[in-house]
Amino acid sequence: MHKSDYLFIDSVNLHLFLEKFNAMGLIASFGKYLLFIADVFRKPERRSVMYRLVVKEISEFGLKSVLFVIFVSLFVGAVVTLQTTSNMEGSWMPRYLIGYATRDAIILEFSPTIISLLLAGKIGSNIASSLGTMRVTEQIDALEVMGVNPVTYLVRPKIFALIFFNPLLIILSMFVGVIGGLLAGILSAECTATEFITGIQYAFIPFKAVYALIKTVLFAFIIASVSSFYGFFTEGGALEVGQSSTKAVVYSSVVIIVSNYLLTQLLLG
Amino acid sequence: MIEIKNIVKTFSGQEILKDISFMYKKGQTNLVIGQSGSGKTVLLKCLLGLYKPDQGSILFDGEDIVRMSNKNLKKLRKEVGMVFQGGALFDSMNIEQNVLFPLQMFSDMSKDEMLDRVNFCLKRVNLENVNHLFPSEISGGMKKRVAIARAIVLNPKYLFCDEPNSGLDPYTAILIDNLLQELTYEYEMTTVINTHDMNSVMEIGDRILFIKEGMMAWEGTNTEIFKADNQDLQDFVFSSELFKTIKENIRK
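Sequence lines, in order, name chains A and B.
The numbering of the first sequence is the working numbering, which starts it at 1 and goes up by one.
The numbering of the second sequence is the working numbering, which starts it at 270 and goes up by one.
Structural data, given as C-alpha cells:
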C-alpha cells in the first residue's frame with residue numbers, strides 16, 4: 001500500500017472518529033470551559049466579600065468532608081495492609097515491608113487519587129446541583145443584572161477553597177490511612193507495631209509526598225472547575241439539574257484519571 | 270426614559286423580535302403585554318443587556334446599551350432594579366442578607382447605614398420582622414415583596430419586572446401592582462412590567478405596549494384600550510367573559 005493511502009485511511013478514520021464522538025461539540029465545550037476559567041480570574045467586585053465566601057466554602061466543602069475522609073481512609077488503609085500481607089504469605093520478605101508497601105500505596109495513589117475521586121462525587125455533585133438550581137431559578141441572572149460577575153462571585157471562591165483545603169484533607173487521609181494499616185497489621189497479628197513503623201520509615205523519598213500534593217492541588221482545581229462549569233451552564237429545569245450533576249461527577253472523574261496518568265508520567269516517569 | 274429603536278432579535282434563524290420601537294416613559298408604569306411566546310421576555314432580556322439585539326438601539330436616557338462597553342454596562346446596571354418572575358432570591362441567604370446584598374457589593378455605606386436602609390426598604394414593601402427568615406420559609410407574595418425591596422435598595426432609575434404577580438392570589442396581586450405603581454411615582458423611576466394579567470393592565474397601565482408574534486401591534490394607555498380598534502388586542506384583552514361584560518358596560 002502506498003504511503004498516501006495510509007494518510008487517506010487515517011483522515012477518513014479521523015473524520016469518522018470526530019463524527020462518532022461529536023468531537024466538534026467537545027472542542028467547542030473545551031473552548032467554552034477555557035473562557036469560563038478566564039472569567040474566574042477576573043478582578044472580584046469586593047475583595048472583602050470574596051474572602052468571606054472562600055471561608056464559607058471551606059466550611060461547606062472542606063470541614064464537612066473531614067469525617068467522610070477519615071472513615072474511608074481508615075478502612076482502606078486497613079484493607080491495603082491486609083492485601084499486602086496476603087500477597088506476602090509464606091515469602092521470605094521481611095515483615096516491615098508491609099508498612100513500606102502500605103505507606104507507598106496510600107501516599108502515592110490511594111489518598112491523592114482515590115479520595116479525590118470520592119470527593120468529585122461528594123463535592124462535585126453538590127457544586128453542580130447548587131449552581132444548576134441557581135441557574136434555573138434565575139438567581140444567576142439576578143446577579144448578572146445587578147452588575148455582579150456571577151462566575152467570579154460564585155465559582156472563584158469554590159475553586160480557591162478546594163485548592164486550599166483539598167491538600168489538607170489528603171494529608172489527613174495519608175495519616176489516617178497509615179494508622180488504619182498499622183491497626184489492621186497489629187489486629188491480624190501479621191506484623192508488630194515496630195515492624196510496621198520501621199517499614200513506614202524505610203527508604204522514604206520526600207519527593208513522593210510532594211508529587212502527591214501536586215496531584216492533590218490539580219485534582220482540587222479539576223473537581224471545582226469542571227463541576228462548576230456543568231452546573232453554571234445548566235438549561236431547563238429540575239431534570240437538567242440532575243443531568244448536570246451526573247455529568248459533573250463523570251467528567252471530573254475522567255479528567256482526574258487522565259491527568260493522574262499524565263502527571264505521573266511527567267513527575268515520576 | 271428608555272427608548273428602543275427598530276429592535277430585531279433572531280434565534281437559530283427565527284426572528285423573535287421584528288423591528289420594535291417604543292418609548293418607556295420616566296415616572297410611569299410601562300406595561301408590555303402579549304401572549305406566551307410573543308417575545309416579551311426576549312425584549313425584557315434585551316433591555317437588561319442579557320441578550321444583544323441583532324439590529325437597532327436601546328437608549329437609557331440617551332445612552333445606547335447595545336454599543337456600550339462591558340465596563341459602562343456594568344456601571345449602568347447599578348441603576349437598574351429587577352424583579353424576576355419567581356423572585357430569584359438567593360436561597361442560601363436570609364431575607365435581610367438578600368436585600369443587603371446589592372449594598373454590600375456596590376455601596377460605601379457603613380454596616381449600620383446599610384441595615385437601616387434594608388429595614389426601610391422592607392418596611393416600604395410592608396414586610397417587618399421577617400429579616401431572619403429564609404426564602405423557603407415565606408409565601409410567594411412575600412418573596413415578590415422581598416424581591417421588590419432588593420430591587421429598590423440602591424435607589425434605581427429603572428425598574429424591570431417580569432410577570433410580578435404571576436402565581437399570586439388576586440388580592441396579593443393587586444397589592445403588588447399598587448406597590449409597584451406607588452414606588453414608580455415616589456422614586457420617579459422608569460418602570461417596565463411584563464404581564465399577562467388583565468387586572469394589572471386596567472389598574473396600573475400608564476403606558477401599554479402590545480406585542481404579537483414579535484411585532485409591536487398596539488400602544489396606548491389603560492383608558493384607551495377600551496376604544497382601540499386593533500382586533501388582536503381586543504381578542505387578547507377581552508378574551509374572558511368578565512372583561513367582555515365590563516367592556517360592554519363601559520360602552521353603554
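Note that beta-carbon positions come from the ideal geometry of N, C-alpha and C, so glycine has one too.
Treat the numbers as computed from the prediction; the structure is a model and nothing was measured.
For residue i, which residues does DSSP report across the bridge?
i: Leu-478/B; result: Val-301/B, Glu-488/B
i: Gln-324/B; result: Val-277/B
i: Ile-289/B; result: Ile-276/B
i: Phe-71/A; result: The partner list for Phe-71/A (beta bridge, DSSP) is empty, contrary to what the question assumes.
i: Leu-369/B; result: DSSP lists no partner for Leu-369/B.
i: Val-461/B; result: Asn-299/B, Phe-429/B
Can you check which of these residues, the options, is closest to residue i by C-alpha distance?
i: Leu-82/A; options: Ser-173/A, Lys-158/A, Leu-117/A, Cys-191/A; result: Cys-191/A
i: Met-292/B; options: Thr-514/B, Arg-476/B, Pro-425/B; result: Arg-476/B
i: Asn-395/B; options: Lys-412/B, Phe-479/B, Glu-517/B; result: Lys-412/B
i: Asn-149/A; options: Lys-347/B, Val-470/B, Glu-397/B; result: Lys-347/B
i: Thr-274/B; options: Phe-280/B, Ser-281/B, Lys-287/B; result: The question names Thr, but residue 274/B is Lys in the sequence shown. Looking at the Cα atoms, Lys-287/B is the closest of the given residues.
i: Ser-73/A; options: Ser-130/A, Gly-181/A, Gly-90/A; result: Gly-181/A
i: Leu-364/B; options: Gly-306/B, His-401/B, Leu-384/B, Phe-389/B; result: The sequence given here places Ile at residue 364/B; Leu does not occur at that position. Nearest C-alpha to Ile-364/B: His-401/B.
i: Leu-169/A; options: Thr-216/A, Met-24/A, Gln-243/A; result: Thr-216/A
i: Tyr-270/A; options: Phe-207/A, Lys-208/A, Ile-159/A; result: Nothing about residue 270/A can be reported from this structure: the residues present for chain A run from 1 to 269 only.
i: Thr-460/B; options: Gln-297/B, Leu-384/B, Thr-279/B; result: Gln-297/B
i: Phe-359/B; options: Leu-187/A, Ser-244/A, Ala-203/A, Gln-139/A; result: Gln-139/A
i: Arg-67/A; options: Ser-244/A, Ser-225/A, Gly-231/A, Val-176/A; result: Note that residue 67/A is Leu in the sequence shown here, rather than Arg. Cα-wise, what sits closest to Leu-67/A is Val-176/A.
i: Leu-478/B; options: Asp-323/B, Leu-328/B, Ser-290/B, Gln-373/B; result: Ser-290/B
i: Arg-47/A; options: Gly-282/B, Gly-410/B, Phe-375/B, Leu-437/B; result: Phe-375/B
i: Ile-494/B; options: Gly-474/B, Glu-482/B, Met-484/B; result: Gly-474/B
i: Phe-207/A; options: Val-151/A, Thr-264/A, Leu-34/A, Ser-259/A; result: Thr-264/A
i: Ile-256/A; options: Ala-238/A, Ile-223/A, Phe-233/A; result: Ile-223/A
i: Val-387/B; options: Gly-410/B, Gln-354/B, Ala-418/B; result: Ala-418/B
i: Met-485/B; options: Ile-276/B, Ala-442/B, Tyr-456/B; result: Ile-276/B
i: Gly-121/A; options: Ser-259/A, Leu-162/A, Ala-248/A, Val-258/A; result: Ala-248/A
i: Ile-197/A; options: Ala-161/A, Leu-97/A, Phe-165/A; result: Leu-97/A
i: Phe-164/A; options: Leu-143/A, Ala-220/A, Leu-131/A; result: Ala-220/A
Please classify residue i as buried or exposed, where buried requires at least 16 other C-beta atoms within 10 Å of its C-beta.
i: Arg-103/A; result: buried
i: Tyr-6/A; result: Residue placement at Tyr-6/A is poorly supported in this model, since its pLDDT is 46, which falls under 50; the coordinates still yield a value, given next. That one is exposed.
i: Val-254/A; result: exposed
i: Ile-58/A; result: buried
i: Tyr-440/B; result: exposed
i: Gly-318/B; result: buried
i: Asp-385/B; result: exposed
i: Arg-336/B; result: exposed
i: Phe-8/A; result: Because Phe-8/A sits at a pLDDT of 49, beneath the cut-off of 50, its placement in the model cannot be relied upon, and the point is left open.
i: Ala-128/A; result: buried
i: Arg-42/A; result: exposed
i: Ile-123/A; result: buried
i: Gly-483/B; result: buried
i: Leu-34/A; result: exposed
i: Ala-193/A; result: exposed
i: Phe-280/B; result: exposed
i: Ala-161/A; result: buried
If I'm right that residue i touches residue j with Cβ under 8 Å, what's the distance once you round it to whole angstroms?
i: Pro-167/A; j: Leu-213/A; result: 5 Å
i: Leu-448/B; j: Gly-350/B; result: That belief does not hold up - the Cβ atoms of Leu-448/B and Gly-350/B are roughly 13 Å apart, past 8 Å.
i: Ile-114/A; j: Gly-77/A; result: Not quite, the Cβ-Cβ distance comes to about 11 Å (not below 8 Å), so this is no contact.
i: Ile-37/A; j: Ser-244/A; result: With 8 Å as the limit, Ile-37/A and Ser-244/A do not qualify as a contact, their Cβ atoms being about 18 Å apart.
i: Gly-303/B; j: Lys-309/B; result: 5 Å
i: Pro-410/B; j: Leu-391/B; result: Per the sequence shown, residue 410/B should be read as Gly rather than Pro. Wrong, their Cβ atoms sit about 14 Å apart, outside the cutoff.
i: Pro-322/B; j: Lys-380/B; result: The pair is not a contact, with the Cβ atoms about 41 Å apart (cut-off 8 Å).
i: Gly-132/A; j: Thr-234/A; result: 4 Å
Check residue i in the structure and name its three-state DSSP category.
i: Asp-466/B; result: coil
i: Ile-271/B; result: strand
i: Glu-332/B; result: strand
i: Cys-191/A; result: coil
i: Gln-283/B; result: strand
i: Met-351/B; result: strand
i: Leu-319/B; result: coil
i: Leu-97/A; result: helix
i: Phe-359/B; result: coil
i: Asp-498/B; result: coil
i: Leu-402/B; result: coil
i: Val-66/A; result: helix
i: Phe-30/A; result: helix
i: Tyr-454/B; result: helix
i: Val-254/A; result: helix
i: Gly-308/B; result: coil
i: Ser-91/A; result: coil
i: Ser-408/B; result: coil
i: Leu-396/B; result: coil
i: Val-148/A; result: coil
i: Pro-44/A; result: coil
Any chance the CB of residue i is under 7 Å from a heavy atom of the ligand FMN?
i: Met-351/B; result: Only the bare structure without any ligand can be found here, which leaves the ligand FMN out of the picture.
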